[in-house]
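Q: This structure is in structure tokens; I'll ask about it shortly.
2 protein chains.
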Amino acid sequence: MKEQFFVHTDNYVKFTPAEKDLLAAVLTFRKVNAKTELVSFDKRTDQLFFLLKGCIRKYYVKDGEQITIHILTENNFVSAFDSLMTGSPSKEVIECLEPCELLTLKKADLETLYHQIPGMNELVRKLLEQTLIQFQQALTSFILDNPEERYKKLVAKNPGILQRVPQHMFATYLGITATSLSRIRKRILAKA
Amino acid sequence: MKEQFFVHTDNYVKFTPAEKDLLAAVLTFRKVNAKTELVSFDKRTDQLFFLLKGCIRKYYVKDGEQITIHILTENNFVSAFDSLMTGSPSKEVIECLEPCELLTLKKADLETLYHQIPGMNELVRKLLEQTLIQFQQALTSFILDNPEERYKKLVAKNPGILQRVPQHMFATYLGITATSLSRIRKRILAKA
DNA sequence: GATAAACGTTTACAAAAGACAAGAAATGCT
DNA sequence: AGCATTTCTTGTCTTTTGTAAACGTTTATC
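In order, the protein sequence lines correspond to chains F and W.
According to the working numbering, the first sequence is numbered sequentially starting from 1227.
According to the working numbering, the second sequence is numbered sequentially starting from 1227.
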């Protein structure tokens, strides 16, 4: 299953076989049930995940409500970035929505890899550049678009995801209530 | 003025004097008037900026309105990231709100530096990590907080900025109209 | 120093979204 | 298959925000 990981990294940096061995040695395979919390509220985390199979969301809890801030599927890196970087307890919860297959990488191992593998900084730099563009687009959409437009963009960009994730999770992700999303959907259907 | 730049980078990576010379050689100093557009609408950009002095905002144009998406002050990197990375025409405008002093770095020179200076990938990786945390916090705030809370956080985080930027630019930055911001300010004053 | 432009606030009215509650439909579990 | 839970929709009422326009004030510019 680690081949799938390297297929992904090959898009950014070509590691030598020896380097891949070093990396593979610190990647741990993990298979978990739906509803597993990879990172729990107010707990520190020292690892990052690569999602091989399944679907994951990140959410915050505000006034007793779960507010989804991110939804991811196969072949993406996931982590409670804030907690990982600063060492503070995580305010975001990372939860599996389906049975998932993951690779985990400890932060300490990553730090070691930065010294062992010259291309590692380059890989992470490039991954972060991609991530940053995504974040920027998401943030821009919040500023520029109303909820209806955001919903349409989400559907256009990620059609399959709607069948995998309950609607009310999307609602909070769009910054609206489930009630409101239901009305928006109705409005869109009426036009089509 | 390049010392100020290296004071900043020293927080992340310690370059040797020789490396600093290489870097300094491709940094160009620039002094511009207020209202200068560093990146214009629908133009490609091939450089990134380090702001030594002054205040800059990024904005989008939507339905003839300017929507501010970012406001920055001294000692920050600025660029139309999307355009810089993908080579596409920029949808964001970068405008100086005050007379500014900048260092500019061409993308092509940066690519060369990645090969000349081992620590360059590391520097940019670390800068991107910081930036990502900022973006994440901004995005999270949009999902979690209402406009009033976002305004309060902005003021708490950056008290001085209010005196440097017109209120209606903040309003669009918060995702609301100037009218609405005025109401929010009134409400806050009434409580205090 | 005069004039124009930009800025901040306020008002009335319209549109959108939230809160709350009820009920239908789909899904999960044993 | 049957029961419980979750999910989705709908209705009514309230709150918030947007739109548009007016007005006084500040700031720029010549």
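Just so it is clear, CB atoms sit at the ideal spot from N, CA and C, and this is done for glycine as well.
Is there a Cβ of chain W sitting closer than 9 Å to that of F:P1315, yes or no?
A: no
Q: Once DSSP output is grouped into helix, strand and coil, what is the label at W:N1347?
A: helix
Q: Whether or not the segment 1321 to 1331 of chain F and the segment 1261 to 1278 of chain F are in contact is what I'm after, with contact meaning three or more pairs of Cβ atoms, one per stretch, closer than 8 Å; do they touch?
A: yes
Q: What does W:A1364 reach in chain F if we use C-beta pairs closer than 8 Å?
A: L1365
Q: Which residue from W:V1252, W:L1339, W:I1387, W:R1283 puts its Cα closest to that of W:S1266?
A: Nearest option by C-alpha distance: W:R1283.
Q: Which term fits W:I1414, buried or exposed, when burial requires 16 or more other beta carbons within 10 angstroms of its beta carbon?
A: exposed
Q: Mind listing the chain F neighbours of W:Y1286? Cutoff is C-beta to C-beta under 9 Å, in chain order.
A: T1366, I1369, L1370
Q: Check the Cβ-Cβ distances between W:N1347 and every residue of chain F, and say whether any is below 9 Å.
A: Output row for W:N1347: interface = yes.
Q: Name the chain W residues whose beta carbon is nearer than 8 Å to that of F:D1236?
A: What F:D1236 touches in chain W: nothing, since even the nearest Cβ is about 18 Å away.
Q: Indicate whether the contact test is met: 3 or more Cβ pairs, each with one atom in the segment 1311 to 1323 of chain F and one in the segment 1343 to 1351 of chain F, closer than 8 Å.
A: no
Q: Would you mind stating whether F:T1294 and F:F1368 have Cβ atoms separated by less than 9 Å?
A: Not in contact: F:T1294 and F:F1368 (Cβ atoms no closer than 9 Å).
Q: By the 10 Å Cβ neighbour count, where 16 or more other Cβ atoms means buried, how is W:F1303 classified, buried or exposed?
A: buried
Q: What do you get for W:R1390, buried or exposed, if any count of 16 or more other CB atoms within 10 angstroms of its CB means buried?
A: exposed
Q: May I ask you to list the residues that DSSP assigns as paired with W:C1326?
A: W:V1258
Q: Should F:A1364 be labelled buried (16 or more other beta-carbon atoms within 10 Å of its own) or exposed?
A: So F:A1364 counts as buried.
Q: Against W:F1361, what residues of chain F qualify as contacts under a CB-to-CB distance less than 7 Å, listed in chain order?
A: Simply L1358, F1361, Q1362, L1365.
Q: To which residues does DSSP link F:L1274 through a beta bridge?
A: DSSP output for F:L1274 lists F:L1331 as bridge partner(s).
Q: How many Å lie between F:F1361 and F:H1296 at the Cα?
A: 10 Å
Q: Closer than 9 Å, Cβ to any Cβ of chain W: which residues of the segment 1389 to 1403 of chain F, in chain order?
A: T1398, Y1399, L1400, G1401
Q: By the DSSP assignment, the beta strand (DSSP E) with F:L1249 in it spans what residues?
A: First-last for F:L1249: 1243 to 1252, but that is the alpha helix (DSSP H), not the beta strand (DSSP E).
Q: What are the complete beta strand (DSSP E) segments, minimum 3 residues, inside the segment 1274 to 1324 of chain W?
A: 1282 to 1288, 1291 to 1298, 1302 to 1304, 1319 to 1322
Q: Any idea if W:K1352 is buried or exposed, counting beta-carbon neighbours within 10 angstroms, 16 or more meaning buried?
A: buried
Q: Going by CA-CA distance only, name the one from F:F1307, F:Q1393, F:F1231 that's closest to F:R1411.
A: Out of F:F1307, F:Q1393, F:F1231, F:Q1393 has the C-alpha closest to the C-alpha of F:R1411.
Q: Using CA atoms only, rank isn't needed, just tell me which of F:S1406, F:F1307, F:L1354, F:L1380 is closest to F:T1235.
A: F:L1354
Q: Just the chain W side, please: which residues come within less than 9 Å of F:F1307 by C-beta, in chain order?
A: E1355, L1358, I1359, Q1362, listed in chain order.
Q: Please list, in chain order, all residues of the same chain as F:V1239 whose beta carbon is under 6 Å from its beta carbon, the five residues on each side excluded.
A: G1345, E1348, L1349
Q: According to DSSP, which residues form a beta bridge with F:E1263?
A: F:E1321
Q: Could you check the C-alpha separation between F:E1245 and F:F1307 for me, to the nearest Å?
A: 25 Å
Q: Hey, out of W:A1404, W:A1334, W:C1322, whose CA is closest to W:N1259's CA?
A: W:C1322
Q: Distance, Cα to Cα, W:P1243 vs W:K1228?
A: 13 Å
Q: Considering Cα atoms alone, identify which of F:F1232, F:A1251, F:F1231 is closest to F:D1335.
A: Among F:F1232, F:A1251, F:F1231, the Cα nearest to that of F:D1335 is on F:A1251.
Q: Applying a beta-carbon distance threshold of less than 7 Å, which residues of chain W neighbour F:R1351?
A: What F:R1351 touches in chain W: N1347, V1350, R1351, L1354.
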